[in-house]
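Undergrad: Residue numbers (our numbering): 110 to 247.
Even glycine gets a Cβ: it sits at the ideal position worked out from N, Cα and C.
These figures come from a predicted structure and were not determined experimentally.
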C-alpha cells in the first residue's frame, strides 16, 4: 500500500470537496467520501450575494451544508454580499492566510483576484465557480 503524505491527502480532499460541491449544486443526492486527515478540513467561500438568495449563492451554501453533514468537510466559513471585487479579494487572501484548505471564489468576477492571490499560497487549494483562472498553471 502506498503511503500518502499529509499534503497529498489535503490535495485529494480538496479535489473531492470541489467535485462534490459542483455535483451537489446540480443534484440532491447523498454525498460521501472518506477522509482521514486528523487536522480537519475547512472550506472558505466568498459569495457575491446573500447566502439565502434562493439562487446562485444559496446553492453553494446548501452544498457545503451537505458536505458537512456527510463529514466530507469539517466546517466552512463564508463572506456574503461581496459585490465589490476588491473587498472579495481581501477576503480570499484573509481566508488563505488563515489556513483554510480550500478557498472558493463563487463567481467569474473574482477570476483576476484569484490569479493574483493563489500563487502566494502553494499549500492552499483554490476553486472558482462559473469562471476561469489558471493561477500560473496554463
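Taking residue 152 and residue 173 to be in contact with their CB atoms under 8 angstroms, please state how far apart those CB atoms are, rounded to whole angstroms.
TA: Here residue 152 refers to the residue found at position 43 of the chain shown. Here residue 173 refers to the residue found at position 64 of the chain shown. So it is a contact: roughly 6 angstroms between Cβ atoms.
Undergrad: From the DSSP output, in three-state form, read off residue 227 for me.
TA: Position 118 of the chain shown, counted from the start, is the residue given in the question as residue 227. Helix.
Undergrad: Residues in the same chain with beta-carbon distance under 8 angstroms from residue 164, minus the five sequence neighbours each way, listed in chain order, please.
TA: What you label residue 164 is simply residue 55 of the chain shown in a count that begins at 1. Here the set comprises 158.
Undergrad: Just checking, does the stretch 197 to 204 make contact with the stretch 174 to 182 on the three C-beta pairs under 8 angstroms criterion?
TA: Counting Cβ pairs under 8 angstroms, fewer than three are found: no touch.
Undergrad: Who are the Cβ neighbours of residue 145 in its own chain at under 6 angstroms, not counting the five residues just before and after it?
TA: Position 36 of the chain shown, counting from 1, holds the residue named residue 145. Because the pLDDT of residue 145 is 46, which lies under 50, any placement of that residue in the model is unreliable, and the question is left without a value.
Undergrad: Using the C-alpha atoms, what's the distance from residue 160 back to residue 167?
TA: Walking along the chain shown from the start, residue 167 turns up at place 58. Walking along the chain shown from the start, residue 160 turns up at place 51. Near 5 angstroms, if we compare the C-alpha coordinates of residue 160 and residue 167.
Undergrad: Please classify residue 236: does DSSP put it in a helix, a strand, or coil?
TA: Indexing the chain shown from 1 puts residue 236 at position 127. Of the three classes helix, strand and coil, the one that applies to residue 236 here is strand, per DSSP.
Undergrad: Give a yes or no on whether the C-beta atoms belonging to residue 187 and residue 223 are separated by under 8 angstroms.
TA: Looking up residue 187 in the chain shown gives position 78. Looking up residue 223 in the chain shown gives position 114. For residue 187 and residue 223, no; Cβs fall outside 8 angstroms.
Undergrad: Alpha carbon to alpha carbon, how far is residue 231 from residue 215?
TA: What you label residue 231 is simply residue 122 of the chain shown in a count that begins at 1. What you label residue 215 is simply residue 106 of the chain shown in a count that begins at 1. One C-alpha to the other measures close to 20 angstroms.
Undergrad: To the nearest angstrom, how far is the alpha carbon of residue 169 from that of residue 206?
TA: Taking the first residue of the chain shown as position 1, residue 169 is located at position 60. Taking the first residue of the chain shown as position 1, residue 206 is located at position 97. One C-alpha to the other measures close to 22 angstroms.
Undergrad: Could you check where the beta strand (DSSP E) with residue 185 kicks off and where it finishes?
TA: Along the chain shown, read from residue 1 onward, the residue named residue 185 stands at position 76. Run containing residue 185: 184 to 188, per the beta strand (DSSP E) assignment.
Undergrad: Can you tell me where the beta strand (DSSP E) with residue 211 in it begins and where it stops?
TA: Working through the chain shown from its first residue, we reach residue 211 at position 102. Start and end: 211 to 215.
Undergrad: Where does residue 137 land, buried or exposed, given buried means 16+ other C-beta within 10 angstroms?
TA: On the chain shown, residue 137 is found 28 positions in, with the first residue counted as 1. Note that residue 137 scores a pLDDT of 39, beneath 50, so its modelled location is shaky and nothing firm can be said.
Undergrad: Could you give the first and the last residue of the continuous alpha helix (DSSP H) run that contains residue 199?
TA: On the chain shown, residue 199 is found 90 positions in, with the first residue counted as 1. From DSSP, the alpha helix (DSSP H) with residue 199 extends over 194 to 206.
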